[in-house]
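J.:
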Amino acid sequence: MNTFLISYDLSNPGQRYGDLSKKIKSYTKWAKLMESCWCICTDDSAKVVRDNLESVIDANDSIFVGKLSGEAAWYGITKNVTDWLHKNL
4 MNTFLISYDL SNPGQRYGDL SKKIKSYTKW AKLMESCWCI CTDDSAKVVR DNLESVIDAN
64 DSIFVGKLSG EAAWYGITKN VTDWLHKNL
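Under the numbering used here, the first residue of the sequence shown carries the number 4, and numbering increases by one thereafter.
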């Protein structure tokens, strides 16, 4: 199973944020790192994840999906998310 970082900019955040959040949470393993930055675990490819999420954002929004290598460093992330990262990276 791969761990992916998802980051996005929504031009009108209130417009589709709920739909995007719900779509990300449809993955079995997920963690919200920051306001517009999440991690998920899936057997899907980055392109498949991107296409899945793209279905709920507008044409003027942007999204990035990248596979994580296992090495990471962070600061100011909640304990729950830190535990999730240690377990899933």
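For every residue, glycine included, the Cβ atom is placed at its ideal position computed from N, Cα and C.
Quick one: residues in its chain with C-beta nearer than 7 Å to the C-beta of residue 115, no 5 flanking neighbours on either side, listed in chain order?
T.: Shown here, the chain extends from 4 to 92; a query on residue 115 therefore has no answer.
J.: Counting Cβ pairs, one atom from each stretch, are 3 or more of them under 8 Å apart for the region 77-87 and the region 13-28?
T.: No: fewer than three Cβ pairs fall under 8 Å.
J.: Near residue 19, which residues of its chain fall below 7 Å by C-beta distance, leaving aside the five closest residues on each side in sequence?
T.: Here residue 19 corresponds to residue number 16 of the sequence shown, with the count starting at 1. These residues qualify, in order along the chain: 13, 59, 60, 61.
J.: According to DSSP, is residue 45 part of a helix, a strand, or is it coil?
T.: Within the sequence shown, the letter at position 42 stands for residue 45. Three-state DSSP puts residue 45 in a strand.
J.: Considering only residues of the same chain and omitting the five flanking positions on each side of residue 64, which have a CB-CB separation below 7 Å?
T.: As a position in the sequence shown, residue 64 is number 61, starting the count at 1. Cβ within range, chain order: 11, 12, 13, 14.
J.: Just to confirm my understanding: we take residue 41, look at its own chain, exclude 5 residues before and 5 after, and list those with CB closer than 7 Å. What are they?
T.: Taking the sequence shown and counting its residues from 1, the one referred to as residue 41 is at position 38. Within the same chain, residue 41 has close Cβ partners 9, 27, 33, 34, 35.
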